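Notes follow the structure.
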Amino acid sequence: MSLPFARDVAVGLLRDMLAIRRLEEKSAECYSAGKIRGFLHLYIGEEAVAAGAVRQLTADDAIVATYREHGHVLVRGMPMDAIMAEMYGKATGCSRGRGGSMHMFDAARRLHGGNAIVGGGLPLAVGLALADRMQQRPRVTACFFGDGASAEGVFQESLNLAALWRVPVLFACENNLYAMGTALARAQAQTDLCVKSRAQGVPAESVDGMDVIAVAEATSRAVALVRAGEGPQFLEYRTYRFRPHSMYDAELYRTKAEVEEWRKRDPIPAYVARLEAEGLLREGELAALEAGIAAEVDASVRFAEESPWEPVEDLLRDVTTPAAP
Amino acid sequence: MKLTYREAVRRALRTALTADPRVFLMGEDVGRYGGTYAVSKGLLEEFGEERIRDTPLSELAFTGVGIGAALGGMRPIVEIMTVNFSLLALDQIVNNAATIRHMSGGQVSVPLVIRMATGAGRQVAAQHSHSLENWYAHIPGIRVLAPATVEDAHGMLLAALRDPDPVIIFEHAALYPMEGELGDPPLEVDLAHAAIRRAGDDVTIVTYGGSVPKALAAAEQLAGEGIGGEVVDLRTLRPLDDATIMASVRRTHRAVVVDEGWRSGSLAGELMARIMEQAFYDLDAPVTRVCTAEVPIPYPKHLEDAALPQPASIAAAARALVHPHG
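Protein chains in written order, with my numbering: chain A, 3 to 327; chain B, 686 to 1011.
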């Protein structure tokens, strides 16, 4: 089956996935070295979702993400320097270091945060979309969240409101099967998340989240429906995180065999093989991509290392908005 | 002109909705029903369903929607029916509204106004009588208002809408039918200063919201005994206007703090600490307080009355400071 995208777009998806993975592998190293602290939630294994989905949005659209958002902000176009510096807590970070790994904001790119309360971003996205509708702007707000969020009351409340008011939101559910250490089936009587969405009046579809092309196509369709005024849509991306929930997680709740089984479906090698089979990857192109990304990652670490700390005198800054001069 | 506190809030809502297309009101029963306390009565007919937006019973979601809409360039006014139900929205208020400006490194602000009724005194029992203003006043990143007069009920809402950050307005349910004067045109009010509602030389009574009329009644009683009670209405509970409080205490040398919250962990405790920190050597007597008794608010009137600050208990506390030996 030939790919539905032009060659440069198809290779771009690979580049996005690789960039997320290499950036995160380096983040984990920096964490072990004590350079990054607090919580660090890696996205490794789930890259096909951010890579495939975020590219379907226009620059005017908004994104609300979770504490596992490095991939989304990177694909959205945030420079690695700003991401790495934020993880370091430096003043040059995307949130001036005040947020860290879990709270990456970029107003210019309409990135409304990594939100670290599970489900906390859902009504925020509905509100952003409501503002767009009330101001007649043809924008879409994509709200990323996990399977765990679908157990929160705010999930039902937010989907209901979005459907009731027909606001332009894409509910992008990254179902990686675990809410931290609790398997979906151990926590929810209804494990079909599309059923939960439809129960609130939001049309839902499920897609293989390990297949970047499937993600891109399904997201593109859903975004088009939302933008056309068809009301909110729900997409379940069936995915899996290869790494622990956070750097503190001893992974007592799942077997190594299960993780190994999913690793066989690693979205990156599978996609490389597909591109090669289609003849879309040129000789040496993968190595060149890797080299470019490695240089970018290394540069981001240097940038973060060399960046200044915010002065302690500024501690109370940005609690409230300063009065206009 | 003379009007009620309820009408003053409605008038401010109408003014704001007329002046700024970004303003809209959202909450439970604000539209068809006309507002639980009839504050928004008639506004649906005037401004339509888009801007007078009835919501389902989803306090957490519609408060979060207000935050999102504020981020999206609107000026939402979220009405949470009462402070009691605001507990269902705490996550969005505390974790999002109050933090987003800071977490984003100052990139975005949340110009959201949340209004809610508060307080006891109407025999509606333990789940409908909370006075939790202090919980919200504890949180950096939000401004907390407690208008106690008709003029403030009107003016503080309009001022709140000019604030670029989240503002919570507590409207004491017992104040809605209270009548008062509103200038024509109405006076603009600031959010920075406490107000002296009655001057007096002997004792400062610091209070806010629904306890202001009670403190004024107590001061009237004290005046008959030759004791000058000065009533300071805090108006804004966060950030507190220390200067006005301390100036009064330095003049009277005595202070009673009146707070409808429960005594333990109360705003009254915070105020007493500040007076101690800043005006200790000006005091002629220990600062004292009149708070709600440490009991869920009981239904029977005689017990509810006994639980809450009352003019008599406020006057007694003030009297004891002025005449410590009876």
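Glycine included, every Cβ here is placed at the ideal spot set by N, Cα and C.
On a predicted model such as this, the values are computed, not experimentally measured, just so you know.
Closer than 7 Å at the beta carbon, the chain B residues around residue i
{"i": "I119 (chain A)", "result": "D776 and N780"}
{"i": "R137 (chain A)", "result": "Looking at the sequence itself, residue 137 (chain A) is Gln, so the reference to Arg does not match. Residues of chain B passing the Cβ test: G758."}
Interface residues of chain A facing residue i [CB-CB closer than 7 Å]
{"i": "S794 (chain B)", "result": "T323"}
{"i": "D850 (chain B)", "result": "T322 and T323"}
{"i": "M841 (chain B)", "result": "Here the premise fails: no neighbours, minimum Cβ distance about 17 Å."}
{"i": "V750 (chain B)", "result": "P125, V128, G129, L132 and L163"}
{"i": "I762 (chain B)", "result": "Ordered by position in chain A, no residue passes the 7 Å Cβ test against I762 (chain B), which lies about 13 Å from the chain."}
8 Å Cβ cutoff met for residue i and residue j
{"i": "R141 (chain A)", "j": "D63 (chain A)", "result": "yes"}
{"i": "V77 (chain A)", "j": "A109 (chain A)", "result": "no"}
{"i": "G1003 (chain B)", "j": "G895 (chain B)", "result": "Just to set this straight, residue 1003 (chain B) is Ala in the shown sequence, not Gly. The answer is no: Cβ separation not under 8 Å."}
{"i": "V888 (chain B)", "j": "V975 (chain B)", "result": "no"}
{"i": "V763 (chain B)", "j": "I737 (chain B)", "result": "no"}
{"i": "L237 (chain A)", "j": "A226 (chain A)", "result": "no"}
{"i": "G753 (chain B)", "j": "L130 (chain A)", "result": "yes"}
{"i": "A723 (chain B)", "j": "R691 (chain B)", "result": "yes"}
{"i": "R17 (chain A)", "j": "L291 (chain A)", "result": "yes"}
{"i": "V299 (chain A)", "j": "L15 (chain A)", "result": "no"}
{"i": "H813 (chain B)", "j": "T767 (chain B)", "result": "yes"}
{"i": "V156 (chain A)", "j": "V128 (chain A)", "result": "no"}
{"i": "G804 (chain B)", "j": "V835 (chain B)", "result": "no"}
{"i": "A833 (chain B)", "j": "Y893 (chain B)", "result": "yes"}
{"i": "A189 (chain A)", "j": "A153 (chain A)", "result": "yes"}
{"i": "I46 (chain A)", "j": "R245 (chain A)", "result": "yes"}
{"i": "G99 (chain A)", "j": "V120 (chain A)", "result": "no"}
{"i": "A165 (chain A)", "j": "G233 (chain A)", "result": "yes"}
For residue i, the residue or residues it bridges with in DSSP
{"i": "W947 (chain B)", "result": "B:T977"}
{"i": "Y239 (chain A)", "result": "A:E176 and A:V209"}
{"i": "A144 (chain A)", "result": "A:I65 and A:L172"}
{"i": "H857 (chain B)", "result": "B:T803"}
{"i": "T889 (chain B)", "result": "B:E915 and B:A940"}
{"i": "A181 (chain A)", "result": "A:T184"}
{"i": "M136 (chain A)", "result": "Paired residues: none, contrary to the question."}
{"i": "I119 (chain A)", "result": "In the DSSP output, where bridge partners are listed per residue, I119 (chain A) has none listed."}
{"i": "M711 (chain B)", "result": "B:R738 and B:V763"}
{"i": "G638 (chain B)", "result": "In the structure as shown, chain B starts at 686 and stops at 1011, and residue 638 (chain B) therefore has no counterpart that could be examined."}
{"i": "L113 (chain A)", "result": "A:I65 and A:D108"}
{"i": "I46 (chain A)", "result": "DSSP lists no partner for I46 (chain A)."}
{"i": "A1012 (chain B)", "result": "There is no way to answer for residue 1012 (chain B), as the model of chain B reaches only from 686 to 1011."}
Of the residues the options, the one placed nearest residue i, counting alpha carbons only
{"i": "L817 (chain B)", "options": "B:S794, B:P851 and B:F855", "result": "B:F855"}
{"i": "A822 (chain B)", "options": "B:E915, B:L775, B:P706 and B:A970", "result": "B:L775"}
{"i": "W947 (chain B)", "options": "B:Y966, B:P994, B:L698 and B:L925", "result": "B:P994"}
{"i": "R807 (chain B)", "options": "B:M766, B:D837 and B:A859", "result": "B:A859"}
{"i": "H815 (chain B)", "options": "B:Y984, B:V1007, B:H1010 and B:A1005", "result": "B:Y984"}
{"i": "L42 (chain A)", "options": "A:C175, A:E49 and A:E71", "result": "A:E71"}
{"i": "T973 (chain B)", "options": "B:D705, B:A782, B:A1000 and B:V694", "result": "B:A1000"}
{"i": "V209 (chain A)", "options": "A:A93, A:A55, A:A164 and A:D134", "result": "A:A55"}
{"i": "Q158 (chain A)", "options": "A:Q202, A:V197 and A:M182", "result": "A:Q202"}
{"i": "F102 (chain A)", "options": "A:Q235, A:V11 and A:E88", "result": "Note on residue identity: the sequence assigns Gly, not Phe, to residue 102 (chain A). That would be A:E88, whose Cα lies nearest to the Cα of G102 (chain A)."}
{"i": "A877 (chain B)", "options": "B:A958, B:V941, B:Q792 and B:A831", "result": "B:A831"}
{"i": "A782 (chain B)", "options": "B:F770, B:V795 and B:E989", "result": "B:V795"}
{"i": "N162 (chain A)", "options": "B:P741, B:A693 and B:Q963", "result": "B:P741"}
{"i": "A12 (chain A)", "options": "A:L124, A:A296, A:M80 and A:Q58", "result": "A:Q58"}
{"i": "T689 (chain B)", "options": "B:E734, B:G911, B:F965 and B:M863", "result": "B:M863"}
{"i": "E945 (chain B)", "options": "B:K899, B:R935, B:M961 and B:E873", "result": "B:K899"}
{"i": "E873 (chain B)", "options": "B:L702, B:L842, B:I930 and B:G790", "result": "B:L842"}
{"i": "L968 (chain B)", "options": "B:S743, B:G911, B:N780 and B:R936", "result": "B:R936"}
{"i": "R696 (chain B)", "options": "B:N780, B:Q906 and B:G868", "result": "B:G868"}
{"i": "H987 (chain B)", "options": "B:T721, B:T921 and B:A810", "result": "B:A810"}
{"i": "R923 (chain B)", "options": "B:R828, B:L956 and B:H857", "result": "B:R828"}
Chain A residues whose Cβ lies nearer than 8 Å to that of residue i
{"i": "L745 (chain B)", "result": "P125, G155, V156 and E159"}
{"i": "M788 (chain B)", "result": "S97, R100, G101, H105, F107 and G115"}
{"i": "L756 (chain B)", "result": "H114, L126, G129, L130 and A133"}
{"i": "E955 (chain B)", "result": "Those within 8 Å of E955 (chain B) in chain A number zero; the least Cβ separation is about 18 Å."}
{"i": "I737 (chain B)", "result": "Residues of chain A passing the Cβ test: none, with the nearest at roughly 13 Å."}
Cross-chain neighbours of residue i in chain B, by beta carbon under 9 Å
{"i": "Q190 (chain A)", "result": "None at all; the shortest Cβ gap to chain B is about 19 Å."}
{"i": "G122 (chain A)", "result": "G749, D776, Q777, N780 and N781"}
Under 9 Å by beta carbon: chain A residues contacting residue i
{"i": "P825 (chain B)", "result": "L318, V321 and T322"}
Neighbour flag for residue i against chain D, beta carbons, 8 Å
{"i": "I785 (chain B)", "result": "Considering every chain present, this structure includes no chain D. Its protein chains are A and B."}
Inside the segment 779-855 of chain B only - alpha helix (DSSP H) runs reaching at least 4 residues: 785-788, 818-822 and 835-847
Fully enclosed by the segment 255-298 of chain A, which alpha helix (DSSP H) runs are 4 residues long or longer? Whole alpha helix (DSSP H) segments, 4+ residues: 258-265 and 269-279.
Whole runs of the beta strand (DSSP E) within the segment 902-932 of chain B, excluding any shorter than 3 residues: 914-918 and 921-923
Beta strand (DSSP E) segments (min. 3 residues) lying fully within the segment 728-765 of chain B: 737-739
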